[in-house]
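Chemist: Chains as they are written, first to last, in my numbering: chain A, 1 to 443; chain B, 1001 to 1443.
1. In this structure, how does DSSP classify residue 1394 (chain B) when only helix, strand and coil are distinguished?
2. For the beta strand (DSSP E) containing residue 233 (chain A), name the first residue and the last one.
3. Sort out for me which residues DSSP pairs residue 1278 (chain B) with in a bridge.
4. Considering only residues of the region 1157-1245 of chain B, which uninterrupted beta strand (DSSP E) runs meet the minimum length of 3 residues and lie entirely inside it, listed in chain order?
5. Between the region 208-235 of chain A and chain B, which residues of the former have CB atoms less than 8 Å from a CB of the latter, in chain order?
6. Please report the residue range of the alpha helix (DSSP H) in which residue 419 (chain A) lies.
7. Let's test the definition: count the other Cβ atoms within 10 Å of the Cβ of residue 1439 (chain B) and tell me whether it reaches 16, buried, or not, exposed.
8. My understanding is that residue 1298 (chain B) touches residue 1339 (chain B), with C-beta atoms under 8 Å, so please give their C-beta distance in whole angstroms.
9. Using only CA atoms, which one of A:343, A:321 and A:175 lies nearest to residue 330 (chain A)?
10. To the nearest angstrom, report how far apart residue 321 (chain A) and residue 260 (chain A) are at their CA atoms.
11. Would you give the residue range spanned by the beta strand (DSSP E) that residue 53 (chain A) belongs to?
12. CB residue 367 (chain A) to CB residue 403 (chain A), shorter than 8 Å?
13. Considering only residues of the same chain and omitting the five flanking positions on each side of residue 1201 (chain B), which have a CB-CB separation below 7 Å?
14. Strictly below 7 Å CB to CB, what residues from chain A border residue 1180 (chain B)?
15. With 16 other CB atoms within 10 Å as the buried threshold, where does residue 1194 (chain B) fall?
16. Can you grab the Cα-Cα spacing for the pair residue 263 (chain A) / residue 1036 (chain B), in whole Å?
17. Does residue 1177 (chain B) have its Cβ less than 8 Å from a Cβ in chain A?
18. Do we get a CB-CB distance below 8 Å when we pair residue 281 (chain A) with the residues of chain B?
19. Taking just the CA atoms, how far does residue 1316 (chain B) sit from residue 1361 (chain B)?
20. Taking 8 Å as the limit between beta carbons, can you name the residues of its chain near residue 1050 (chain B), skipping five residues before and five after?
21. Buried or exposed: where does residue 214 (chain A) fall if 16 or more other Cβ atoms within 10 Å of its Cβ makes it buried?
22. What whole-angstrom Cβ distance do residue 253 (chain A) and residue 270 (chain A) have, given they're in contact under 8 Å?
23. Distance, Cα to Cα, residue 387 (chain A) vs residue 408 (chain A)?
24. Check residue 526 (chain A) in the structure and name its three-state DSSP category.
25. Could you tell me whether any Cβ in chain A is nearer than 8 Å to the Cβ of residue 1046 (chain B)?
26. With 16 other CB atoms within 10 Å as the buried threshold, where does residue 93 (chain A) fall?
27. Pick helix, strand or coil for residue 1149 (chain B), following the three-state DSSP scheme.
28. How is the alpha helix (DSSP H) around residue 16 (chain A) delimited, first residue to last?
29. Are there 16 or more other CB atoms within 10 angstroms of the CB of residue 427 (chain A), so buried, or fewer, so exposed?
30. Going by alpha carbons, who is nearest to residue 145 (chain A) out of A:138, A:134 and A:91?
31. For residue 1258 (chain B), is the classification buried or exposed, using 16 other Cβ atoms within 10 angstroms of its Cβ as the cut-off for buried?
32. Using only CA atoms, which one of B:1183, B:1169 and B:1064 lies nearest to residue 1354 (chain B)?
33. Under a three-way DSSP split, which group does residue 1088 (chain B) fall into?
34. Between residue 1038 (chain B) and residue 1119 (chain B), what straight-line distance do the alpha-carbon atoms span, to the nearest angstrom?
35. Does residue 1 (chain A) come within less than 8 Å of chain B when only Cβ atoms are used?
36. Start and end of the beta strand (DSSP E) containing residue 76 (chain A)?
Right under this line is the structure:
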């Protein structure tokens, strides 16, 4: 029997905790190092992405480590989008052809706590909080941390980074020759606002992801178990109707009331939220390779540390969870040869991460602009019609992304094939009509 | 009269020195901070890009600060390419239609010394060597340096970074939200080799840039004033015929002798060069914006720090020199409003830097592969024929890049227009031939 190896996982967020679960089940000793304080005692930070949409990919990963039921207890299913027109008119679009499938609104902090508890309940897993990584030697696996008790050094032959979009570990790998990296910011910022419960009830339908599409800007809202909604405003950073322009509480409130009137009426704390919540940034980060091999250690990247995406497809966490599943599969296939498994994992996952990064950028345009148009609604109706007509053979991209575990790049290839087939059938039908008309005329 | 402002220029390489020259002429106090020791006393580093091709853009910039003559004293003009076939056959391609225009082989260290001396001869310019930047606060302009005498702090309200592809200053800006950045490595490495003088004479024609195109790999050689040639081998990092595969002196020498036979015969020190010279990396770095504004300071990027390109168009230094010219122009236009001038400079230069980055990547394929083909040689001959036929109206891309100061993106647009016109004329000519043939047949 192989001696259990020690693995350091940097970051005890969602992906770090799931990584620990998978590794513990393979018999590894895992230490989670986390920059923040213990989330089981601390309160959530204000103004940071408070809830997220968990869908099939994430659930599939959680099922494999037996955490799906615990997580889903606090989930609020959203089977479709509810669009809010400027005049307050509502229109609902189901996400699936049968209207039954849903993505799930989950509190990020709640999810993190559940997953951390799940990880720490497994033999061999421990966590060190308030450990901020300040140095990493890829050759030796030596890590420097700043802690409340001063700097400490720890080492591990296997270091896995799940420390998010601004990963300190990836920051170190960036200095290695041959390490490709990019960070691309959108010219948009985001700010979180709240629609509190009204008389103890949800102020909007909790069975939907709410969208206020406004062309170059938008707001979304997801329900919380306490019957409030967390709203996120996505606005340009500069130019007309931007955070730069609307830089006082008065200007902001006036513009907001004019463009999001129905929401404004539900936000008693708007001025306070505006003043206290920071403007967040939207970035796509790409890196490759996702591992680095030193003389005596190997370092790997998972989740946002390897591929941060913008939030518009609701796939950031789901995609990160898939990384953990794939790494586990590669460890199985390579007989737990970590360097080999990490290389294989990166080579398999990279195209899928690149695909969802592109889809997430495209979906921003769809959400803020297209969903409000009639032709888009018609297209969605035709799509769902085709899905019902050809069950399992014609499936929309949204459904394949959100309600299946078909790898993202495979989804894209399948969508391309489907569209070609539909065009061919349509042209064939037109030709048939033409021939029939010709025959009729000859009579 | 405005009080002379203090500017810190990080990096006393080619672009840093030229920046200092331009600023001193505008009346600024300039301090150059350089990581390396004083190049006027030190010997050049071994195995680093020892010479470069200076062309019109670089010369134009040097003329503006009166350094062109001093620099050109040590230049060796190369009016064309000399291709070395595997069997040793030579073929020469002039770079210009008239065969007279030349790019210039210049020693990088010699050029650096001349430019540093030129900068330090101007009033208000001073240099601090062995100052390695370890920290920068964009708000205050406070800089931390490691020096042989321990750490020191300096500050300046204007900090300009000309510290190269691996810029420490840009490394700090990368943590600012909204700062886009990418680094993309080629799967190729490079190694420098030497063809020494033979009986006191050049062993190859010094009036050419020599190329050994070998499909997936190549070697180039540029002449030096001491009658040696500096050769640079561009090989894949892994796979057949790669640095990885040919990792012992024996394997390397055997492969080299088989594929570069004529050069091998001129390299008595091949084994020594192979063993001692490191394998360099080829990277394209993109960043934007090229400046950052703090509360009390502004930081700007110039040259490789803003846009490192691969060396295959011989434009890295030339492009960096153009940055200095543009920044000077923007200072003039804005009445020396540094933050405004830096914003304007970046917005104007970015597309040109992106264009030359792409052209340099494309030219690698041309140099290692296409130059050896007959159809490419024919195309070049037709191109030069058109240039002689339509002087000043049809100009090849290579000439516009190397022998003009037409901005790079403008070159690309002009080439597109030219190609369209040639295709239209050719189609017109074909049509005319067809009509004429038809008329003749009717008679």
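From the three backbone atoms N, C-alpha and C, an ideal C-beta is built for every residue, glycine too.
Modeler: On the basis of the coordinates in this document:
1. Locating residue 1394 (chain B) in the second chain gives position 394, counting from the first residue. Coil.
2. As a first step, residue 233 (chain A) must be located in the first chain, where it is residue number 233. Residues 229-236.
3. Within the second chain, residue 1278 (chain B) is the residue found at index 278, counting from 1. Beta-bridge pairing links residue 1278 (chain B) to no other residue.
4. 1158-1161, 1180-1195, 1209-1213, 1218-1223 and 1229-1236
5. none
6. Along the first chain, read from residue 1 onward, the residue named residue 419 (chain A) stands at position 419. Note, residue 419 (chain A): alpha helix (DSSP H), 408-442.
7. Taking the first residue of the second chain as position 1, residue 1439 (chain B) is located at position 439. Exposed, since its Cβ has fewer than 16 Cβ neighbours within 10 Å.
8. Along the second chain, read from residue 1 onward, the residue named residue 1298 (chain B) stands at position 298. Along the second chain, read from residue 1 onward, the residue named residue 1339 (chain B) stands at position 339. 5 Å between Cβ atoms; contact.
9. Within the first chain, residue 330 (chain A) is the residue found at index 330, counting from 1. Nearest option by C-alpha distance: A:343.
10. Locating residue 321 (chain A) in the first chain gives position 321, where the first residue counts as 1. Locating residue 260 (chain A) in the first chain gives position 260, where the first residue counts as 1. Taking the straight line joining both Cα atoms gives about 35 Å.
11. Here residue 53 (chain A) refers to the residue found at position 53 when the first chain is read from its first residue. Element bounds for residue 53 (chain A): 51-54.
12. The sequence position of residue 367 (chain A) within the first chain is 367, counting from 1. The sequence position of residue 403 (chain A) within the first chain is 403, counting from 1. It is not a contact, given that the beta carbons lie outside the stated cut-off.
13. Position 201 of the second chain, counted from the first residue, corresponds to residue 1201 (chain B). Cβ neighbours of residue 1201 (chain B) beyond the five flanking positions: 1227.
14. Position 180 of the second chain, counting from 1, holds the residue named residue 1180 (chain B). What residue 1180 (chain B) touches in chain A: 183, 184 and 185.
15. Taking the first residue of the second chain as 1, we reach residue 1194 (chain B) at position 194. It is buried - the Cβ of residue 1194 (chain B) has at least 16 other Cβ atoms within 10 Å.
16. For this step, residue 263 (chain A) is matched to residue 263 along the first chain. For this step, residue 1036 (chain B) is matched to residue 36 along the second chain. When rounded, the distance between both Cα atoms is 60 Å.
17. To locate residue 1177 (chain B), count along the second chain from 1; it is residue 177. So yes, residue 1177 (chain B) belongs to the interface.
18. For the purposes of this step, residue 281 (chain A) is identified with residue 281 of the first chain, where counting begins at 1. Closer than 8 Å: yes.
19. For the purposes of this step, residue 1361 (chain B) is identified with residue 361 of the second chain, where counting begins at 1. For the purposes of this step, residue 1316 (chain B) is identified with residue 316 of the second chain, where counting begins at 1. Using only the alpha carbons, I get a separation of about 12 Å.
20. Position 50 of the second chain, counting from 1, holds the residue named residue 1050 (chain B). Correct list, in chain order: 1044, 1107, 1108, 1109, 1192, 1224 and 1230.
21. The residue you call residue 214 (chain A) lines up with position 214 of the first chain. Counting Cβ neighbours within 10 Å, residue 214 (chain A) comes out buried, since at least 16 surround it.
22. Stepping through the first chain from its first residue, residue 253 (chain A) is reached at position 253. Stepping through the first chain from its first residue, residue 270 (chain A) is reached at position 270. The pair is a contact, with the Cβ atoms about 6 Å apart (cut-off 8 Å).
23. Counting from one through the first chain, the residue named residue 387 (chain A) turns up at place 387. Counting from one through the first chain, the residue named residue 408 (chain A) turns up at place 408. Those two C-alpha atoms are separated by around 19 Å.
24. Beyond the ends of chain A as shown, which are 1 and 443, falls residue 526 (chain A); an answer cannot be given.
25. Within the second chain, the letter at position 46 stands for residue 1046 (chain B). Here the model assigns residue 1046 (chain B) a pLDDT of 47, short of 50, so the residue's position is not dependable, and the following value carries that caveat. No - not a single Cβ of chain A is within 8 Å of the one on residue 1046 (chain B).
26. Locating residue 93 (chain A) in the first chain gives position 93, counting from the first residue. Buried.
27. Taking the first residue of the second chain as 1, we reach residue 1149 (chain B) at position 149. Coil.
28. Counting from 1 along the first chain, the entry for residue 16 (chain A) is found at position 16. Element bounds for residue 16 (chain A): 14-25.
29. Here residue 427 (chain A) refers to the residue found at position 427 of the first chain. Exposed.
30. The count along the first chain starts at 1 and reaches residue 145 (chain A) at position 145. Measuring from the Cα of residue 145 (chain A), the nearest candidate turns out to be A:134.
31. Reading the second chain from its first residue, position 258 is the one you call residue 1258 (chain B). Exposed: under 16 other Cβ atoms inside 10 Å.
32. Working through the second chain from its first residue, we reach residue 1354 (chain B) at position 354. If we check each option's Cα against that of residue 1354 (chain B), B:1183 comes out closest.
33. Sequence index remark: in the second chain, residue 1088 (chain B) carries index 88 (1-based). Correct three-state label for residue 1088 (chain B): coil.
34. Within the second chain, the letter at position 38 stands for residue 1038 (chain B). Within the second chain, the letter at position 119 stands for residue 1119 (chain B). C-alpha separation (whole angstroms): 14 Å.
35. As a working mapping, residue 1 (chain A) is identified with position 1 in the first chain. Note on residue 1 (chain A): pLDDT 38, under 50, position unreliable in the model; no value is reported.
36. Locating residue 76 (chain A) in the first chain gives position 76, where the first residue counts as 1. Element bounds for residue 76 (chain A): 76-78.
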